[in-house]
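> One structure coming up, written as structure tokens, with questions to follow.
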Amino acid sequence: MASYLARRTGYMLLILTISSVVIFYALRTAPGGPSGGGVLNPLSSQEIRQAYDKRMGLDQPVYTQYFIYLGHIVRGDLGTSLANGTPIVELLGTHARNSLVLGLTALLISYVIAIPLGVLAAVKRNTWVDQLAMGGAILGMGIPNFWLALILVYFFSLRLGWLPSAGCCDPPQLILPALVLAAEGTAVTMRMTRSSMLEHLHDDFVRALRAKGLPEWQVILRHVLRNALIPVISLTGLRLGWLVGYALIVETIFRWPGVGYLLVDSVLRRDYPVAQVFSLLLIVFVLLANWFADIAYGLANPRIRVA
Amino acid sequence: MSGSELALEVKDLRTTLFLREGRVDVVRGVSFQLKQGETLALVGESGCGKTMTALSIMRLLPDPPARVTHGQVLLAGADVSRMPEHQMRSLRGETVSIVFQEPLTSLDPVFTIGDQIVEAITSHRKLQRGEAREMAVEILKEVQIPSPGQRLKDYPHQLSGGMRQRVMIAMALVLDPKVLIADEPTTALDVTIQAQILDLIRTEQEQRRLAVLLITHNLPVVSQVADRVAVMYAGEVVEEAPASEIFSDPRHPYTQGLLSSIPSAAGDHKHLYTIPGRVPDPRVLPPACLFAPRCPYALRRCWQEHPELEATVSAGHADTSTQPDRHLLRCWNPQPFTALQAIEPQEVDRRIATSE
Chain A
8 MASYLARRTG YMLLILTISS VVIFYALRTA PGGPSGGGVL NPLSSQEIRQ AYDKRMGLDQ
68 PVYTQYFIYL GHIVRGDLGT SLANGTPIVE LLGTHARNSL VLGLTALLIS YVIAIPLGVL
128 AAVKRNTWVD QLAMGGAILG MGIPNFWLAL ILVYFFSLRL GWLPSAGCCD PPQLILPALV
188 LAAEGTAVTM RMTRSSMLEH LHDDFVRALR AKGLPEWQVI LRHVLRNALI PVISLTGLRL
248 GWLVGYALIV ETIFRWPGVG YLLVDSVLRR DYPVAQVFSL LLIVFVLLAN WFADIAYGLA
308 NPRIRVA
Chain B
143 MSGSELALEV KDLRTTLFLR EGRVDVVRGV SFQLKQGETL ALVGESGCGK TMTALSIMRL
203 LPDPPARVTH GQVLLAGADV SRMPEHQMRS LRGETVSIVF QEPLTSLDPV FTIGDQIVEA
263 ITSHRKLQRG EAREMAVEIL KEVQIPSPGQ RLKDYPHQLS GGMRQRVMIA MALVLDPKVL
323 IADEPTTALD VTIQAQILDL IRTEQEQRRL AVLLITHNLP VVSQVADRVA VMYAGEVVEE
383 APASEIFSDP RHPYTQGLLS SIPSAAGDHK HLYTIPGRVP DPRVLPPACL FAPRCPYALR
443 RCWQEHPELE ATVSAGHADT STQPDRHLLR CWNPQPFTAL QAIEPQEVDR RIATSE
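Those protein sequences? They're chains A and B, same order as listed.
Start counting the first sequence at 8; every next residue gets the next number (our numbering).
Start counting the second sequence at 143; every next residue gets the next number (our numbering).
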């Protein structure tokens with residue numbers, strides 16, 4: 008276990024180092040820069056720009072900047088935003104919390120919808136329930152989430168006036184972005200629950216459980232579902248990764264001040280320190296999510312746990 | 143024989159598969175009786191309808207496509223064929239239990255042995271978990287599983303094949319049913335373990351006065367445990383008799399063929415007897431003896447008329463009309479066993495004893 012942890016941590020550090028280099032260079036090869044219109048007034052004179060670059064160390068070669076940056080990071084200094092001087096640690100706190108609230112709500116919504124419907128579709132296979140659920144799943148997977156977001160805003164905010172179209176952080180403002188963020192994952196989870204249930208519904212042990220005289224609901228919900236959830240759980244790791252990607256779009260559309268929103272904003276403004284920290288944060292999150300999925304998979308499947 | 147002693151009675155059972163190509167009767171007119179403390183072996187090759195018969199009794203047929211379309215199943219006097227499902231469910235495990243062939247796939251891989259036995263108990267009896275656990279430990283002790291308290295926490299994959307089958311038997315017997323159906327209980331096990339499992343079934347049967355329906359294709363197994371034997375061929379019982387008679391005086395050419403094809407360790411025959419031909423296609427059954435195409439003694443009549451299962455006069459048994467040791471046969475032209483292959487009954491016993 009100790010060697011497993013060490014290997015896993017080393018692997019994570021390696022990925023983080025490589026991605027920090029890539030992110031650092033990518034940001035600086037993008038046209039413009041903090042002084043080229045991102046942070047400074049685009050109409051400011053050449054002298055002001057050069058003075059700004061010199062003060063911020065942006066006139067130095069990129070690799071020198073990188074090592075200076077690395078030095079700060081290693082000492083735990085994440086720096087401040089170029090745009091407004093806020094310490095990044097502060098931004099990290101509020102924005103990460105907002106994103107977690109949104110992401111967890113989306114996950115919750117999707118599992119509450121996807122698992123019961125997946126089970127129902129499998130048990131009522133080839134009936135209208137199944138066809139409706141699977142039709143919904145195809146829509147959920149096929150509709151691009153930015154378009155879905157616009158449609159939902161149009162109906163629920165503009166036409167019906169039931170829900171706010173954007174903003175943070177009251178429960179009504181959470182509903183639309185959470186639904187959009189949940190859509191594709193719900194569809195995929197539902198399909199996977201259904202096919203995995205169908206696979207296990209015909210296992211020998213199901214017949215044996217019925218032969219013991221168990222009620223049918225107990226056979227389905229306690230035994231078949233528990234077996235069927237194993238791949239669904241390992242899918243969660245993957246879904247957390249997608250969630251990060253979609254968060255950029257959904258948070259931007261709904262102006263939800265989370266990690267994704269801030270990252271998009273900081274990249275557009277060439278606010279290098281913020282963009283660097285937040286993109287690395289997302290990478291750490293995805294790595295941890297995959298690790299968590301491995302552990303959860305082991306917990307769900309005793310055959311893996313012991314081996 | 144009094145009626146109350148009957149633990150299981152199957153009357154003229156017909157089980158049908160409803161397939162896209164049409165209806166196929168996979169069990170046709172099967173009848174038998176099973177008394178308390180008795181073992182009836184249902185013997186035949188793969189696909190002859192043995193397991194379908196067992197599942198029909200338990201009402202666990204995969205529906206669709208299979209359904210019982212005719213006949214009755216009486217469990218301890220109660221007709222289960224028309225019972226509502228919830229009532230049937232309360233009989234499963236409580237009055238009639240089944241042990242399947244493959245113990246690994248018959249246990250849920252993600253629950254412990256203990257959970258699975260406890261669940262079998264609590265789904266029928268209103269008991270505290272602790273009490274059910276004690277019952278589970280007791281029954282595991284009874285089927286000779288070492289340190290049963292520890293084993294309760296094990297998952298199925300942590301046990302050996304023999305242990306798993308003991309667990310399955312324990313689970314089947316924990317509520318003290320009247321009838322145990324054992325569907326090829328030793329087929330998936332090592333030869334050395336097979337004998338232990340058979341011993342266990344026999345011991346439990348004697349202690350509990352269990353009626354056992356043993357389904358197998360393995361004649362040596364039958365000779366060790368069965369009181370009566372019913373031989374099935376293509377969905378029908380073709381011969382039914384006390385076990386000793388099946389081995390000493392088999393009348394149906396198919397039974398004779400089965401006995402002749404038991405391998406012998408003595409090795410005085412270079413070639414093992416095999417029954418020529420194949421099982422008929424159940425979708426197109428002719429109005430004739432179904433075994434005729436493979437039978438060495440087939441007459442013209444065998445190709446034209448379907449024989450019924452009837453009591454027969456067997457050699458050395460003057461009174462054949464009494465129920466317990468009646469010899470039933472479905473054949474137009476029975477021949478003495480010697481005609482197929484000259485071997486003495488003792489020789490058969492010896493072969494059985496030395497074969498696997």
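Quick reminder that beta carbons are idealized off the backbone N, C-alpha and C, glycines included.
Count the other CB atoms within 10 Å of the CB of E498 of chain B; is the residue buried (16 or more) or exposed (fewer)?
Counted from its first residue, the second sequence places residue 498 of chain B at position 356. Any reading at E498 of chain B is ruled out, since the residue's pLDDT is 40, under 50, leaving its predicted position unreliable.
> For a test of the three-state rule: what should DSSP assign to M230 of chain B, helix, strand or coil?
The residue you call residue 230 of chain B lines up with position 88 of the second sequence. Three-state result, M230 of chain B: helix.
> If distances are taken between C-alpha atoms only, which option among A:V108, A:V46 and A:M63 comes closest to R276 of chain A?
The residue given as residue 276 of chain A occupies position 269 in the first sequence. Checked all of A:V108, A:V46 and A:M63; the closest Cα to R276 of chain A is A:V46.
> Residues of chain A with CB closer than 7 Å to the CB of I564 of chain B, please, in chain order.
The structure shown does not extend to residue 564 of chain B, since chain B is modelled only from 143 through 498, so no value can be given for it.
> Terminal residues of the continuous beta strand (DSSP E) containing Q214 of chain B?
Residue 214 of chain B sits at position 72 when you count from the first residue of the second sequence. A208 to L217 is the extent of the beta strand (DSSP E) around Q214 of chain B.
> So the candidates are B:D154, B:V185, B:A453 and B:D332; which of them puts its Cα closest to the Cα of H212 of chain B?
Here residue 212 of chain B corresponds to residue number 70 of the second sequence, with the count starting at 1. Checked all of B:D154, B:V185, B:A453 and B:D332; the closest Cα to H212 of chain B is B:D154.
> Taking the runs of the alpha helix (DSSP H) that are 4 residues or longer, which of them lie wholly in the segment 84–146 of chain A?
For the segment 84–146 of chain A, whole alpha helix (DSSP H) runs of length 4 or above, ordered along the chain, are 95–130.
> In chain order, what residues of the same chain lie with their CB nearer than 7 Å to the CB of S188 of chain B, ignoring the 5 residues before and after it?
For this step, residue 188 of chain B is matched to residue 46 along the second sequence. For S188 of chain B, where only same-chain residues beyond five positions count, the Cβ hits under 7 Å are H359.
> Skipping 5 residues on each side, what residues in its chain have a beta carbon closer than 8 Å to that of T196 of chain A?
By 1-based counting over the first sequence, the position of residue 196 of chain A is 189. Here the set comprises S117, Y118, A121, I122, G125, V239, L242 and R246.
> Answer yes or no: do L193 of chain B and D210 of chain A have a C-beta to C-beta separation smaller than 8 Å?
By 1-based counting over the second sequence, the position of residue 193 of chain B is 51. By 1-based counting over the first sequence, the position of residue 210 of chain A is 203. Before going on, a small fix: residue 193 of chain B reads as Thr here, not Leu. The answer is no: Cβ separation not under 8 Å.
> Near I182 of chain A, what residues of its chain come up, given a Cβ to Cβ distance below 6 Å and the 5 sequence neighbours on each side ignored?
As a position in the first sequence, residue 182 of chain A is number 175, starting the count at 1. L170, listed in sequence order.
> So F174 of chain B is in the beta strand (DSSP E); what residue range does that whole segment cover?
The sequence position of residue 174 of chain B within the second sequence is 32, counting from 1. Segment G164 to K177, the beta strand (DSSP E) holding F174 of chain B.
> The alpha helix (DSSP H) that contains A329 of chain A, what's its start and end?
The first residue shown for chain A is 8 and the last is 314, placing residue 329 of chain A beyond what the model contains.
> Would you mind giving the Cβ-Cβ distance between L184 of chain B and I343 of chain B, rounded to the nearest angstrom? I have them listed as a contact below 8 Å.
Within the second sequence, the letter at position 42 stands for residue 184 of chain B. Within the second sequence, the letter at position 201 stands for residue 343 of chain B. Not quite, the Cβ-Cβ distance comes to about 15 Å (not below 8 Å), so this is no contact.
> Is the Cβ of L202 of chain B closer than 8 Å to any Cβ of chain A?
Against the second sequence, residue 202 of chain B aligns to sequence position 60. Chain A contact via Cβ: present.
> If you reduce the DSSP assignment to three classes, tell me which class E348 of chain B lands in.
Reading the second sequence from its first residue, position 206 is the one you call residue 348 of chain B. In the structure shown, E348 of chain B sits in a helix (DSSP, three-state: H, G or I).
> Looking at the C-beta of N152 of chain A, does it have a partner C-beta in chain B at a distance below 8 Å?
Residue 152 of chain A sits at position 145 when you count from the first residue of the first sequence. By this cut-off, N152 of chain A is not an interface position.
> Would you give the residue range spanned by the beta strand (DSSP E) that I357 of chain B belongs to?
Position 215 of the second sequence holds residue 357 of chain B. Segment A353 to T358, the beta strand (DSSP E) holding I357 of chain B.
> Does DSSP classify F292 of chain A as helix, strand or coil?
Here residue 292 of chain A is taken as the residue at index 285 of the first sequence, counted from 1. In the structure shown, F292 of chain A sits in a helix (DSSP, three-state: H, G or I).
> Determine the chain B residues that contact P133 of chain A at a beta-carbon separation under 8 Å, and present them in chain order.
What you label residue 133 of chain A is simply residue 126 of the first sequence in a count that begins at 1. Note that residue 133 of chain A corresponds to Asn in the displayed sequence, not to Pro. Those do not exist, as N133 of chain A stays about 11 Å from chain B at its closest Cβ, beyond 8 Å.
> So S265 of chain B contacts chain A; which residues on that side make the cut at Cβ distance below 9 Å?
Within the second sequence, the letter at position 123 stands for residue 265 of chain B. Correct list: K219, G220, L221, P222 and Q225.
> Check the Cβ of T247 of chain B against every Cβ in chain A and list those closer than 7 Å, keeping chain order.
Here residue 247 of chain B refers to the residue found at position 105 when the second sequence is read from its first residue. The answer, in chain order, is D210, D211 and F212.
> Output needed in chain order: residues of the segment 226–245 of chain A with a Cβ under 7 Å from some Cβ in chain B.
Listed by position, the residues of the segment 226–245 of chain A near chain B (Cβ gap below 7 Å) are H230, R233 and N234.
> Is L340 of chain B near Q307 of chain B, with beta carbons less than 8 Å apart?
The sequence position of residue 340 of chain B within the second sequence is 198, counting from 1. The sequence position of residue 307 of chain B within the second sequence is 165, counting from 1. Contact: no.
> Please list the partners that A128 of chain A has in chain B, where partner means a Cβ-to-Cβ separation under 8 Å.
Here residue 128 of chain A refers to the residue found at position 121 of the first sequence. Near A128 of chain A there are no residues of chain B at all, since even the closest Cβ is about 18 Å away, more than 8 Å.
> Pick helix, strand or coil for Y11 of chain A, following the three-state DSSP scheme.
For the purposes of this step, residue 11 of chain A is taken as residue 4 along the first sequence, with counting starting at 1. Reduced to three states, the DSSP call for Y11 of chain A is helix.
> I'd like to check one pair, T237 of chain B with S198 of chain B: are the Cβ atoms closer than 8 Å?
What you label residue 198 of chain B is simply residue 56 of the second sequence in a count that begins at 1. What you label residue 237 of chain B is simply residue 95 of the second sequence in a count that begins at 1. No, the pair does not count as a contact, with Cβ atoms beyond the cut-off.
> Can you give me the start and stop residues for the beta strand (DSSP E) that T181 of chain B sits inside?
For the purposes of this step, residue 181 of chain B is taken as the residue at position 39 of the second sequence. T181 to V185 is the span of the beta strand (DSSP E), which, as asked, contains T181 of chain B.
> If I follow the unbroken beta strand (DSSP E) through I417 of chain B, where does it start and stop?
Mapped onto the second sequence, residue 417 of chain B falls at position 275. Unbroken run through I417 of chain B: none, as it is neither H nor E.
> Note down the Cα distance separating I281 of chain B from P251 of chain B, rounded to an integer number of angstroms.
In the second sequence, the residue the question calls residue 281 of chain B occupies position 139. In the second sequence, the residue the question calls residue 251 of chain B occupies position 109. Computed Cα separation, rounded: 21 Å.
> Could you say which of A:F299, A:A296 and A:L270 lies nearest to I30 of chain A if we only look at CA atoms?
The sequence position of residue 30 of chain A within the first sequence is 23, counting from 1. Among A:F299, A:A296 and A:L270, the Cα nearest to that of I30 of chain A is on A:L270.
> Which residues bound the alpha helix (DSSP H) around A194 of chain A?
Working through the first sequence from its first residue, we reach residue 194 of chain A at position 187. Per DSSP, A194 of chain A belongs to the alpha helix (DSSP H) from P178 to L208.
> Would you call G419 of chain B buried or exposed, if buried means 16 or more other Cβ atoms sit within 10 Å of its Cβ?
Position 277 of the second sequence holds residue 419 of chain B. With fewer than 16 Cβ atoms within 10 Å of its Cβ, G419 of chain B is classed as exposed.
> For the alpha helix (DSSP H) containing E258 of chain A, list its first residue and its last residue.
Along the first sequence, one-based indexing puts residue 258 of chain A at 251. Start and end: L232 to I260.
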